[in-house]
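Which chain is which? The protein sequence lines are A and B, in order.
When we follow the UniProt record's numbering, the leftmost residue of the first sequence carries the number 1, and every step to the right adds one.
When we follow the UniProt record's numbering, the leftmost residue of the second sequence carries the number 1, and every step to the right adds one.
Here the structure comes first, spelled out in structure tokens, and everything after it is commentary.
There are 2 protein chains.
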Amino acid sequence: MPRLTAERREAKRAEIVAAARRCFSREGFHQTSMPDIAAEAGVSAGAPYRYFASKEEIILAIAGDAFRLIFEPVERLADGTDAPTLGELVAAALGTISGETVRDAAGHPVDVDELLRCAVQTWSEALRSDEVRGPAAEGFERVRASIAGALDRGRAAGTVPATLDPDRGARVVMGLLHGFLLQRVAFGLTDTAGLAADLHAGLIM
Amino acid sequence: MPRLTAERREAKRAEIVAAARRCFSREGFHQTSMPDIAAEAGVSAGAPYRYFASKEEIILAIAGDAFRLIFEPVERLADGTDAPTLGELVAAALGTISGETVRDAAGHPVDVDELLRCAVQTWSEALRSDEVRGPAAEGFERVRASIAGALDRGRAAGTVPATLDPDRGARVVMGLLHGFLLQRVAFGLTDTAGLAADLHAGLIM
Numbered sequence: 001m002p003r004l005t006a007e008r009r010e011a012k013r014a015e016i017v018a019a020a021r022r023c024f025s026r027e028g029f030h031q032t033s034m035p036d037i038a039a040e041a042g043v044s045a046g047a048p049y050r051y052f053a054s055k056e057e058i059i060l061a062i063a064g065d066a067f068r069l070i071f072e073p074v075e076r077l078a079d080g081t082d083a084p085t086l087g088e089l090v091a092a093a094l095g096t097i098s099g100e101t102v103r104d105a106a107g108h109p110v111d112v113d114e115l116l117r118c119a120v121q122t123w124s125e126a127l128r129s130d131e132v133r134g135p136a137a138e139g140f141e142r143v144r145a146s147i148a149g150a151l152d153r154g155r156a157a158g159t160v161p162a163t164l165d166p167d168r169g170a171r172v173v174m175g176l177l178h179g180f181l182l183q184r185v186a187f188g189l190t191d192t193a194g195l196a197a198d199l200h201a202g203l204i205m
Numbered sequence: 001m002p003r004l005t006a007e008r009r010e011a012k013r014a015e016i017v018a019a020a021r022r023c024f025s026r027e028g029f030h031q032t033s034m035p036d037i038a039a040e041a042g043v044s045a046g047a048p049y050r051y052f053a054s055k056e057e058i059i060l061a062i063a064g065d066a067f068r069l070i071f072e073p074v075e076r077l078a079d080g081t082d083a084p085t086l087g088e089l090v091a092a093a094l095g096t097i098s099g100e101t102v103r104d105a106a107g108h109p110v111d112v113d114e115l116l117r118c119a120v121q122t123w124s125e126a127l128r129s130d131e132v133r134g135p136a137a138e139g140f141e142r143v144r145a146s147i148a149g150a151l152d153r154g155r156a157a158g159t160v161p162a163t164l165d166p167d168r169g170a171r172v173v174m175g176l177l178h179g180f181l182l183q184r185v186a187f188g189l190t191d192t193a194g195l196a197a198d199l200h201a202g203l204i205m
């Protein structure tokens, strides 16, 4: 029954990814070894290699998950047909990073703090590894362009001021997301939801 | 002549810090060794140890320089007696990260790209090292409070809307600084000066 086998494989892979996320979140990418990840997952030292050729492959998988989960709410709003305001786009951008738990594509719960701590580390990795920077830059540009498109629709619909340059407005949304993400994990400023509500209510826009 | 000796010592120390910054910027903190730094500086393998007990001490020195240089323009504006607008504070916050070269306390030129690439790495370090997080969090809080104070003066003077919460406004300024810093080094969006000008001109505030 190949279907069951595939499901079991997927569940085991998810356990290894979750264990790696806990290790990376505590110790960092570079202070964590494959045997550390196996021990955290409670599997044999060789087991992770049945799913990932190297620690770098696990980092890439976690970076991809983090990106998708963090940007999902703003991408969904921006890719719709509505004409959201800049404040609504900012509030959506802060959605995942204001929460405690999200669910990955397979429905497994993911601790948001762990996810964000891994995301900050992928920024450093992107500076020295083409393998990390390539997909990160491509994903960033896709979301940025999608937000700019939504702001352009908003200008046409009158929900966004005509003086707002969509490309620059999109960079502000992305900048606030990254900046508040960093404030939450590195500087203990956890009231991101309150900030989002203020911004949404028209505090600065 | 102890003064000359102290000057020479300071110049040599600055050369080692500059060499470390180049190495860290290219390869990252963890892929750089003390012998790598000595080779980059063109000194003997033991020479860096006359100035720093470990690579971690050099990382702390560079993190301190980066923090001071990045926040200097907005701290100066916020610590003055003027009542700047939110837009003026954002423009000041983007000052250093929009430039190409700055000068450190001793007057040595520092490449801004290198400085910012090191800054992104200190964020990851702050997540796992108390020695990095302590001063970083303290410095962040000092600048944030200083910006909040300036916004409070602005509310009293009428240059800042009464509806703007100074603490939250300060987090927006810090968030945009960190977000645009990351966009410049990791996502190739270098027109930070243009963004600052737009924000200053009242694009969103």
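C-beta atoms are modelled at their ideal positions from N, C-alpha and C, and glycine is treated no differently.
This one's a predicted model, so the numbers in the text were calculated from it and none came from an experiment.
Neighbourhood of residue i by C-beta distance below 6 Å, restricted to the same chain and skipping five residues each side
i, result
"A:Glu15", "Ala41"
"B:Phe52", "Ile58"
"A:Ala83", "Arg153, Gly154, Ala157, Thr159"
"B:Cys23", "Thr32, Asp36, Ile37, Glu40"
"B:Ala148", "Pro166, Asp167, Ala170"
"A:Met174", "Arg144"
"B:Ala136", "Ala126"
"A:Lys55", "Met34"
"B:Phe67", "Gly139"
Sequence-distant residues of its chain with Cβ nearer than 7 Å to residue i (five each side left out)
i, result
"B:Pro48", "Ile16, Met34, Ile37, Ala38"
"B:Thr190", "Arg184"
"B:Ser146", "Glu75, Ala78, Asp79"
"A:Leu181", "Ile97, Leu116, Ala119"
"A:Thr192", "Leu94, Ile97, Ser98, Phe180, Arg184"
Beta-carbon contacts of residue i that lie in its chain and below 8 Å, excluding the five residues immediately before and after
i, result
"A:Thr101", "Pro109, Val110, Asp111, Val112"
"B:Pro73", "Ala92, Ala93, Gly95, Thr96"
"B:Gly28", "Gln121"
"B:Gly46", "Ala38"
Exposure label - residue i; buried when at least 16 CB within 10 Å
i, result
"B:Glu7", "exposed"
"residue 217 of chain A", "This structure cannot settle anything about residue 217 of chain A, because the visible part of chain A is limited to 1 through 205."
"A:Arg76", "exposed"
"B:Ala162", "exposed"
"B:Asp65", "buried"
"B:Ser98", "buried"
"B:Glu88", "buried"
"A:Ala19", "buried"
"B:Glu10", "exposed"
"B:Thr5", "exposed"
"A:Ser44", "exposed"
"A:Thr85", "buried"
"B:Arg103", "exposed"
"B:Arg50", "exposed"
"A:Gly179", "buried"
"B:Ser25", "buried"
"A:Thr150", "Note on residue identity: the sequence assigns Ala, not Thr, to residue 150 of chain A. The residue is buried, with at least 16 neighbouring Cβ atoms inside 10 Å."
"A:Gly107", "exposed"
"B:Ala105", "exposed"
"A:Thr81", "exposed"
"B:Gly194", "exposed"
Which parts of the segment 85–113 of chain B are runs of the beta strand (DSSP E), unbroken and 3 residues or longer, counting only runs that do not cross its ends?
-> You should have 101–103, 109–111.
Segment contact, 8 Å Cβ cut-off, at least three pairs: the segment 146–161 of chain A with the segment 146–156 of chain B = Verdict: no, contact absent.
What runs of the alpha helix (DSSP H), each 4 residues or longer, lie entirely inside the segment 133–171 of chain A?
-> Note on the segment 133–171 of chain A: there is no whole alpha helix (DSSP H) run with a minimum of 4 residues.
Stretch-stretch touch, CB-based, cutoff 8 Å, three pairs: the segment 176–194 of chain B with the segment 118–127 of chain A | The segment 176–194 of chain B makes contact with the segment 118–127 of chain A; the number of CB pairs closer than 8 Å reaches 3 or more.
If we count Cβ pairs, one from each stretch, closer than 8 Å, do we get three or more for the segment 139–146 of chain A versus the segment 46–62 of chain A?
-> With the cut-off at 8 Å, the segment 139–146 of chain A and the segment 46–62 of chain A do not touch.
Length at least 4, wholly inside the segment 5–81 of chain B: the alpha helix (DSSP H) runs in chain order = DSSP runs (the alpha helix (DSSP H)) wholly in the segment 5–81 of chain B: 34–41, 55–79.
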